[in-house]
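As given, the protein sequences belong to chains A and B, one line each in that order.
The opening residue of the first sequence carries number 366 in this note's numbering; numbering runs sequentially from there.
The opening residue of the second sequence carries number 366 in this note's numbering; numbering runs sequentially from there.
Positions of the beta carbon are idealized from the N, C-alpha and C atoms, including for glycine.
Protein chains: 2
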Amino acid sequence: METLTKSIRVLRVGQRYVRDDRTLTHLCLVSRALGAEAIHIGDVEKDILATLGGVNRTWGGDFRAILGEPWRKVIREAKEERRAVVHLTMYGMPLQDVVGELRKLDKLLIVVGGPKVPGKVYHEADYNVAVTSQPHSEIAALAIVLHEIQGGEELKRSFGKSRLKILPSARGKRVVEP
Amino acid sequence: METLTKSIRVLRVGQRYVRDDRTLTHLCLVSRALGAEAIHIGDVEKDILATLGGVNRTWGGDFRAILGEPWRKVIREAKEERRAVVHLTMYGMPLQDVVGELRKLDKLLIVVGGPKVPGKVYHEADYNVAVTSQPHSEIAALAIVLHEIQGGEELKRSFGKSRLKILPSARGKRVVEP
């Protein structure tokens, strides 16, 4: 498998109290598809591990979801290993103003949250970054930030050995077993 | 309000049979925040109109959700008005290979679906476009495509008159009533 040129991890904080499995699944799959190596997802149902294991086996790569760590610990350990903490929030600085700095970083922890993000996250973060100052979607914000930080290189990445592989097609679906 | 330089509409097809309101809400808000003028959402609960009306009143703009039109009609009318139909699918041509062409278009209908998209959509589309050939999220794919087609200009857009406005901040939350 092609080596990733940056080490990017994702941390999800501030889950809603109602279970929100679909949003979590989107966040995990987007992190995997767009060049992150792992996502920290706190205390959630373990079904997600089986889902991601299946996706890796079918489509390649070794993306990991890490359960059961408090967000404070994940952020503290990121700081210890000089991993920049980038918190996505509509209240932050415009992405286009900070993306030049972010591109220079080799190790990042991207924090995605929601309405329930504790104030401490804003203060612990090295960067609070807004993908527009409009309300939309943490899934969309994560996707655009991963894309911008890697300058689009993540779109070209190979996932190495896999059970299935798509051959891009102008019409229809072409899938092969390599 | 600042005028959008392109006319971009979004069409959602292939809803799952189980209600999937949260994904739909994400798709609507991403379309609105990232420069589309409207989204066609077929037959869904009308709650979403109230949600979007509230977002427009609070945060500006005149983004619209359009209900009750069959997808065939939306695509046919797009073709009649020479609006390019861009279908997002992991089976399509890599975004990075077609983005140059897409940027030249002034009127687009971006079709987002899911596993239940009818085969006819692949054949009716002018472009079938993949944001990676990996499984992830229609919300993320839509975000990256809107961002790339507009070359990042959508991030700088003002939403004009609004009840609340965020002042970008390196730490914390600053919201004003303009």
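Three-state secondary structure (DSSP) of residue i
i      : result
V501/A : Sequence check: residue 501/A is His here, not Val. Residue state, collapsed to three classes: coil.
S396/A : helix
V486/B : helix
V353/B : Nothing can be reported for residue 353/B, as the shown portion of chain B is limited to 366 through 543.
L470/B : coil
G407/B : strand
K530/B : strand
A506/A : helix
V496/B : coil
Pairwise C-alpha distance: residue j and residue i
i      : j      : result
R528/B : I509/B : 28 Å
A325/B : D386/A : Absent from the model: residue 325/B. The displayed extent of chain B is 366 to 543, so no value can be given.
L470/B : A415/B : 32 Å
G425/B : L520/B : 15 Å
G418/B : E434/B : 20 Å
A506/B : V409/A : 25 Å
L392/B : H452/B : 15 Å
I373/A : P543/A : 28 Å
G484/B : Q515/B : 28 Å
H403/A : Y456/B : First, the residue type needs correcting, since residue 403/A is Ala and not His in the sequence shown. Taking the straight line joining both Cα atoms gives about 25 Å.
L396/B : L511/B : The amino acid occupying residue 396/B in the given sequence is Ser; Leu does not appear at that position. Those two C-alpha atoms are separated by around 8 Å.
V463/B : K472/B : 16 Å
P459/B : G478/B : 17 Å
R447/A : R441/A : 10 Å
T497/A : I431/A : 29 Å
D427/B : N421/B : 6 Å
L474/B : V450/B : 5 Å
L394/B : T423/B : 13 Å
K538/B : K538/A : 46 Å
N314/B : R468/B : Residue 314/B is absent from the structure shown; chain B starts at 366 and stops at 543.
Q499/B : K530/A : 9 Å
V482/B : V439/B : 15 Å
G407/A : R437/B : 43 Å
I413/B : R536/B : 32 Å
E513/B : E513/A : 10 Å
V375/A : R429/A : 10 Å
K411/B : I504/A : 23 Å
A495/B : L389/A : 22 Å
V476/A : S534/A : 35 Å
G379/B : V486/B : 10 Å
A401/A : A443/A : 15 Å
Exposure label - residue i; buried when at least 16 CB within 10 Å
i      : result
L532/A : exposed
H501/A : buried
R377/B : buried
E445/A : exposed
T368/A : exposed
V540/B : exposed
E466/B : exposed
T454/A : buried
H488/B : exposed
G517/A : exposed
T370/B : exposed
R522/A : buried
G525/A : exposed
Residue i Cβ short of 7 Å to the ligand NAD heavy atom set
i      : result
H512/B : This structure does not include the ligand NAD; it has no bound ligands of any sort.
ask   = Fully enclosed by the stretch 422-465 of chain B, which beta strand (DSSP E) runs are 3 residues long or longer?
value = Under the rule that a run must span 3 or more residues, the beta strand (DSSP E) segments found entirely inside the stretch 422-465 of chain B read 429-432 and 449-459.
Chain E contacts made by the stretch 447-470 of chain B, where a contact means CB separation under 7 Å = The chain labelled as chain E is not found among the protein chains of the depicted structure, namely A and B.
message = Which residues of the stretch 513-536 of chain A have a Cβ closer than 9 Å to any Cβ of chain B? Give them in chain order.
response = Cβ contacts with chain B come from E513, G517, E519, L520, K521, R522, F524, K530, I531, L532, P533, S534, A535 and R536.
ask   = When Cβ atoms are compared, which residues of the stretch 493-509 of chain B fall closer than 9 Å to chain A?
value = Answer in chain order: N493, A495, V496, T497, S498, Q499, P500, H501, S502, E503, I504, A505, A506, L507, A508 and I509.
key: Positions along the stretch 405-418 of chain A whose CB lies within less than 8 Å of some CB in chain B   = Flagged: no residues at all.
message = Please list, in chain order, the residues of the stretch 428-447 of chain B that have any C-beta partner in chain A closer than 8 Å.
response = Of all residues in the stretch 428-447 of chain B, none places a beta-carbon less than 8 Å from a beta-carbon of chain A.
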